[in-house]
Amino acid sequence: MVKIYLGAVNPHPGSALRYKTGTWRTMKPVVDEQKCIGCWFCYMYCPDSAIQMVKRTIKKEIGGQVKEIERDLAVINYDYCKGCGICAAECPVKAIEMVYEEK
Amino acid sequence: MEMKEIIRGNMATALAAKMARVDVVPAFPITPSTLFPEKISEYIANGELDAEMILVESEHSAISAAIGASAAGARVATATASQGLALMHEVLFIASAMRLPIVMAIGNRALSGPINIWADHSDTMAERDTGWMQFYAENNQEAFDLMLMAFRIAEDRRVLLPAMVGLDAFTLTHTMEPVDYPSQEEVDDFLPPYQPPYTLDVNRPMTFGSFATPESYMEFKWSHTRALEESPPVIDEIFEEYKKRFGREYKRVTGYMTEDADVIIVAMGSVSGTLREAVRQMRKDGIRVGAVKITTFRPFPFKEIVELCGGAKIVAIAERAISPGFAGPLFGEIAGAFINQPSRPLISDFIIGLGGRDVTLKDFREIASTALKEAEEGRVEPLVKWININPEEAPPGGE
Amino acid sequence: MTVVIRNTDKELFTSGHRGCAGCGEMTAVRQVLMVAGPNTIVANATGCLEVASTGYPETAWAIPWIHVAFENAAAVASGVEAALKKLGKKEGVNVLAFAGDGGTFDIGLQALSGMLERGHDVKFFTFDNEAYMNTGIQNHRLLPGPSEEGEEGP
Chain A
10 MVKIYLGAVN
20 PHPGSALRYK
30 TGTWRTMKPV
40 VDEQKCIGCW
50 FCYMYCPDSA
60 IQMVKRTIKK
70 EIGGQVKEIE
80 RDLAVINYDY
90 CKGCGICAAE
100 CPVKAIEMVY
110 EEK
Chain B
12 MEMKEIIRGN
22 MATALAAKMA
32 RVDVVPAFPI
42 TPSTLFPEKI
52 SEYIANGELD
62 AEMILVESEH
72 SAISAAIGAS
82 AAGARVATAT
92 ASQGLALMHE
102 VLFIASAMRL
112 PIVMAIGNRA
122 LSGPINIWAD
132 HSDTMAERDT
142 GWMQFYAENN
152 QEAFDLMLMA
162 FRIAEDRRVL
172 LPAMVGLDAF
182 TLTHTMEPVD
192 YPSQEEVDDF
202 LPPYQPPYTL
212 DVNRPMTFGS
222 FATPESYMEF
232 KWSHTRALEE
242 SPPVIDEIFE
252 EYKKRFGREY
262 KRVTGYMTED
272 ADVIIVAMGS
282 VSGTLREAVR
292 QMRKDGIRVG
302 AVKITTFRPF
312 PFKEIVELCG
322 GAKIVAIAER
332 AISPGFAGPL
342 FGEIAGAFIN
352 QPSRPLISDF
362 IIGLGGRDVT
372 LKDFREIAST
382 ALKEAEEGRV
392 EPLVKWININ
402 PEEAPPGGE
Chain C
49 MTVVIRNTDK
59 ELFTSGHRGC
69 AGCGEMTAVR
79 QVLMVAGPNT
89 IVANATGCLE
99 VASTGYPETA
109 WAIPWIHVAF
119 ENAAAVASGV
129 EAALKKLGKK
139 EGVNVLAFAG
149 DGGTFDIGLQ
159 ALSGMLERGH
169 DVKFFTFDNE
179 AYMNTGIQNH
189 RLLPGPSEEG
199 EEGP
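Chains as they are written, first to last, in our numbering: chain A, 10 to 112; chain B, 12 to 410; chain C, 49 to 202.
Right under this line is the structure:
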């Protein structure tokens, strides 16, 4: 049974988080960490707020020297991702691939 | 300290809203209620009232803005009538379902068509099922008192429902009558500031007006309905407190000479005074007649009606509305009040004063004698009688 | 070590809403709220957004939000704004209204007109997807009509 609040007010902001929409998916986005440049495009376009951005340190050759640099990385939250593919379409470096869900 | 002014009905309701220190008044002009927003804007302009007035572009927006303001924590009042109330229709259900204690004065006026600006109760009767409380004033004093009490009742945590206060078009809205009113300090003491249980507040975000599936809709409807059903003791308590503070007595239903009456005539609104005078005169002629005035139509006073009218041979309902294809709406309510009683009077329906047609002492005499004849014959046929009408001028099929 | 800098549960319009996969309106709402921030109250017209985001007992809104009916988001927002002003709570608070193109320009045109004329401090956002989409792609008065040659509009 659901709790009935006065006037159908819902006093639990963001309670939709308990509804996991990841089960809707038939295809899933897979991020190639080597290609991801941390541009946040996929984050901005995701209709389901299902992409979180994390900081990481990568090694990169700059001017003949290998340096450690900070770069953001897109991580898919599969609890909520509905598999729409917008992130893969918007990714400017084609770092996200849509693959079929497999059991 | 009581003060007295000779004012119109609309001024009485506006005065009550001002003394209630309303925060927001969204309003749209409509005859016969326009004087309400005019008075409110005057109060704001001359510094007597600190409120936001929203000059909306329709009654639909008036009640919509009222909901927004009330949900944001404001005390809200507005006024309308007839077509304006009908235009609000869909939103009225939402205001009550959201449990927002908006108070609205209604200049009870006929619904079109044909267009007509005079008194009857067809506008508020059409909003019977919207989940609002409905009060009907007999005179301007009642309009002031009921309007003021409506805030207190509506905002009571045990109730939290919107309320309409009906005052008959022109007969009350535009007629000057003496009205006693308390001092601002006394009103402030009677009516503390509105303390909403939930508000639109960035520090405590909440969702108002959710989408409810079959899994929860019935429970919401049930809890809303229960609140209305359980409001009578609260209303009685506040009526009683009002009497103690200000000396004027209110009841949800008031009987007059009902105890030994063979016929009891039930009415609402401004005709109630005429009805009592008619009863007084008929009593002098030896006719055992009584009167009942319904002040609170929603919640409907089932028990009290049965108590007041149960001993009569016949109950004659004199109502200013018609539900075409049925009877007057009040007939259904009163018949419903009696249906499970082991013994009950006959119940007869009379349609009076639609579109502002005068209701006179003679009309009530006719109602009483017709009803007494029905009681003698032991049957009510036809069920619905239109009083003071020229039927030969109005053929059902047209000419 | 990875440091999470934007997490899914810190959104003002959260995951778990029931918008269709790939729905552009949900993206638009997220982006508007990124700019508006948490001191924001939203009045929402009836439509996909309201249905998909507030199925009781869940809500995707992490800010105060109100829905009343289809055609009146502008009027509801007007009431909210007026109340905040009167109660001294308007300072630093955004009042936004969200509606589809039908809820804005067609059935919602009158309320919008009134709100704009009165000059309320409300920002009204229209999601223009060119039809009444929630009910299944019906036309409304903002749609480009047929051309003079009788061909269908773009």
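Ideal Cβ placement from N, Cα and C applies to all residues, glycine included.
Going along the chain, which residues of the stretch 14 to 43 of chain A sit with their C-beta nearer than 7 Å to a C-beta in chain B?
LEU15, GLY16, ALA17, VAL18, ASN19, PRO20, PRO22
Residues of the stretch 101 to 119 of chain C whose Cβ lies closer than 9 Å to any Cβ of chain A, in chain order:
SER101, THR102, GLY103, TYR104, PRO105, GLU106, THR107, ALA108, TRP109, ALA110, ILE111, PRO112, TRP113
How long is the line joining the alpha carbons of PRO202 (chain C) and GLU178 (chain C), rounded to whole angstroms?
Position 154 of the third sequence, counted from the start, is the residue given in the question as residue 202 (chain C). Position 130 of the third sequence, counted from the start, is the residue given in the question as residue 178 (chain C). Low confidence applies to PRO202 (chain C): its pLDDT is 43, below 50, so where it sits in the model is not reliable enough to give any reading.
Starting from GLN79 (chain C) and walking both ways along the beta strand (DSSP E), at which residues does that stretch end?
Against the third sequence, residue 79 (chain C) aligns to sequence position 31. Note, GLN79 (chain C): premise wrong, no beta strand (DSSP E); alpha helix (DSSP H) at 72 to 84.
Check ASP212 (chain B) in the structure and name its three-state DSSP category.
Counting from 1 along the second sequence, the entry for residue 212 (chain B) is found at position 201. The answer is strand: DSSP assigns ASP212 (chain B) an E or B state.
Distance CB(VAL245 (chain B))-CB(ALA327 (chain B)) smaller than 8 Å:
Numbered from 1 along the second sequence, position 234 holds the residue referred to as residue 245 (chain B). Numbered from 1 along the second sequence, position 316 holds the residue referred to as residue 327 (chain B). No.
Hey, quick one: how far does the beta strand (DSSP E) through TRP113 (chain C) stretch, first residue to last?
Residue mapping note: residue 113 (chain C) aligns to position 65 of the third sequence, counting from 1. Unbroken beta strand (DSSP E) run through TRP113 (chain C): 113 to 115.
So with CB distances below 9 Å, who are the chain A contacts of TYR209 (chain B)?
By 1-based counting over the second sequence, the position of residue 209 (chain B) is 198. Listed along chain A are TYR14, LEU15, GLY16, VAL18, PRO20, each with a C-beta nearer than 9 Å to that of TYR209 (chain B).
Does the CB of MET229 (chain B) have a neighbour CB from chain C at under 8 Å?
Residue mapping note: residue 229 (chain B) aligns to position 218 of the second sequence, counting from 1. Taking Cβ atoms only, chain C never reaches closer than 8 Å to MET229 (chain B), which makes this a no.
Length of the line joining the Cα atoms of GLY64 (chain C) and ALA121 (chain B):
Counting from 1 along the third sequence, the entry for residue 64 (chain C) is found at position 16. Counting from 1 along the second sequence, the entry for residue 121 (chain B) is found at position 110. Rounded to the nearest angstrom, the two C-alpha atoms are 49 Å apart.
Is there a C-beta anywhere in chain C that falls below 8 Å from the one on ILE3 (chain A)?
With chain A covering 10 to 112 only, the question about residue 3 (chain A) has no answer from this structure.
I believe PHE222 (chain B) touches GLU98 (chain C) by the beta-carbon criterion, under 8 Å. Please report the beta-carbon distance rounded to the nearest angstrom.
Here residue 222 (chain B) is taken as the residue at index 211 of the second sequence, counted from 1. Here residue 98 (chain C) is taken as the residue at index 50 of the third sequence, counted from 1. Right, the Cβ-Cβ distance comes to about 6 Å (below 8 Å), so this counts as a contact.
According to DSSP, is VAL141 (chain C) part of a helix, a strand, or is it coil?
Counting from one through the third sequence, the residue named residue 141 (chain C) turns up at place 93. If DSSP states are grouped into helix, strand and coil, VAL141 (chain C) belongs with coil.
Under 9 Å between beta-carbons, which chain C residues line up against ALA59 (chain A)? List them in chain order, please.
Residue mapping note: residue 59 (chain A) aligns to position 50 of the first sequence, counting from 1. Near ALA59 (chain A) (Cβ distances below 9 Å), the residues of chain C are THR56, SER63.
Bridge partners - PHE305 (chain B), DSSP secondary structure assignment
Along the second sequence, one-based indexing puts residue 305 (chain B) at 294. Sequence check: residue 305 (chain B) is Ile here, not Phe. For ILE305 (chain B), the beta-bridge partners assigned by DSSP are B:VAL264.
Whole-number beta carbon distance between ALA97 (chain B) and THR89 (chain B), since they are thought to touch under 8 Å:
Within the second sequence, the letter at position 78 stands for residue 89 (chain B). Within the second sequence, the letter at position 86 stands for residue 97 (chain B). For THR89 (chain B) against ALA97 (chain B), the beta-carbon gap comes to about 15 Å, at or over 8 Å, which does not count as contact.
Helix, strand or coil for GLY184 (chain C), going by three-state DSSP, please let me know.
By 1-based counting over the third sequence, the position of residue 184 (chain C) is 136. GLY184 (chain C) falls in the coil class under three-state DSSP.
Buried or exposed, going by whether 16 or more other CB atoms sit within 10 Å of the CB of SER204 (chain C)?
Outside the displayed span of chain C (49 to 202) sits residue 204 (chain C), for which this structure offers no information.
Does the CB of PRO406 (chain B) have a neighbour CB from chain C at under 8 Å?
Here residue 406 (chain B) refers to the residue found at position 395 of the second sequence. So, not an interface residue.
Quick one: list the residues of chain C neighbouring TYR109 (chain A), beta-carbon separation under 8 Å, in chain order.
Here residue 109 (chain A) refers to the residue found at position 100 of the first sequence. Going along chain C, no residue has its Cβ under 8 Å from TYR109 (chain A), so there is no contact; the nearest lies around 15 Å.
Neighbour list for GLU226 (chain B) in chain A, Cβ cutoff strictly below 8 Å:
For the purposes of this step, residue 226 (chain B) is taken as the residue at position 215 of the second sequence. Against chain A, a Cβ distance below 8 Å from GLU226 (chain B) picks out VAL11.
Which one or two residues does DSSP pair with LEU82 (chain A) in a beta bridge?
Along the first sequence, one-based indexing puts residue 82 (chain A) at 73. Looking at the DSSP assignment, LEU82 (chain A) forms a beta bridge with A:VAL63.
Rounding to the nearest angstrom, what Cα-Cα distance links ILE114 (chain C) and ASN86 (chain A) in this structure?
Residue numbering aside, residue 114 (chain C) sits at position 66 when the third sequence is read from its first letter. Residue numbering aside, residue 86 (chain A) sits at position 77 when the first sequence is read from its first letter. So the two alpha carbons sit approximately 29 Å from each other.
Counting pairs of beta carbons, one from the stretch 115 to 124 of chain C and one from the stretch 63 to 78 of chain C, are three or more of them closer than 8 Å?
no
Can you tell me which of B:GLU270, B:SER44, B:VAL290 puts its alpha carbon nearest to the alpha carbon of THR186 (chain B)?
Along the second sequence, read from residue 1 onward, the residue named residue 186 (chain B) stands at position 175. For the residues B:GLU270, B:SER44, B:VAL290, the minimum Cα distance to THR186 (chain B) belongs to B:SER44.
Please tell me whether ILE65 (chain B) and VAL102 (chain B) are closer than 8 Å, where the distance is taken between their beta carbons.
Residue 65 (chain B) sits at position 54 when you count from the first residue of the second sequence. Residue 102 (chain B) sits at position 91 when you count from the first residue of the second sequence. Taking 8 Å as the Cβ cut-off, ILE65 (chain B) and VAL102 (chain B) do not qualify as a contacting pair.
Between B:SER52, B:ASP61, B:GLU49, which lies nearest to ARG32 (chain B) when the distance is taken from Cα to Cα?
Indexing the second sequence from 1 puts residue 32 (chain B) at position 21. ARG32 (chain B) has its Cα closest to that of B:ASP61, out of B:SER52, B:ASP61, B:GLU49.
Please go through the stretch 46 to 127 of chain B and give each complete alpha helix (DSSP H) segment of 4 or more residues, from N-terminal end onward.
46 to 56, 70 to 82, 93 to 98, 100 to 108
Which class does GLN145 (chain B) belong to by DSSP, given the choice of helix, strand or coil?
Your numbering for residue 145 (chain B) matches position 134 in the second sequence. Strand, per DSSP.
Leaving aside the five residues before and after LYS50 (chain B) along the sequence, list all residues of the same chain whose C-beta is less than 6 Å from its C-beta, in chain order.
Counted from its first residue, the second sequence places residue 50 (chain B) at position 39. Excluding sequence neighbours, LYS50 (chain B) sits near MET22, ALA25.
Considering only the alpha carbon of each residue, which of B:ASP369, B:LEU394, B:ALA27 lies closest to ASP156 (chain B)?
Numbered from 1 along the second sequence, position 145 holds the residue referred to as residue 156 (chain B). Closest option to ASP156 (chain B), Cα to Cα, is B:ALA27.
Using only the alpha-carbon positions, how far apart do LYS76 (chain A) and PRO225 (chain B) sit?
Position 67 of the first sequence holds residue 76 (chain A). Position 214 of the second sequence holds residue 225 (chain B). Distance from the CA of LYS76 (chain A) to the CA of PRO225 (chain B), rounded to the nearest whole angstrom, comes to 60 Å.
Limits of the alpha helix (DSSP H) - the one that MET158 (chain B) falls within
Against the second sequence, residue 158 (chain B) aligns to sequence position 147. 151 to 166 is the span of the alpha helix (DSSP H), which, as asked, contains MET158 (chain B).
Is it true that the stretch 231 to 247 of chain B meets the stretch 160 to 178 of chain B, where meeting means three or more beta-carbon pairs spaced less than 8 Å apart?
yes
With a CB to CB cut of under 7 Å and the five nearest residues on each side skipped, what residues in its chain are close to ASP134 (chain B)?
Residue mapping note: residue 134 (chain B) aligns to position 123 of the second sequence, counting from 1. Around ASP134 (chain B): ALA92, SER93, LEU96, ALA97, ILE117, ASN119, ARG120, LEU122.
I believe VAL290 (chain B) touches MET268 (chain B) by the beta-carbon criterion, under 8 Å. Please report the beta-carbon distance rounded to the nearest angstrom.
For the purposes of this step, residue 290 (chain B) is taken as residue 279 along the second sequence, with counting starting at 1. For the purposes of this step, residue 268 (chain B) is taken as residue 257 along the second sequence, with counting starting at 1. 6 Å between Cβ atoms; contact.
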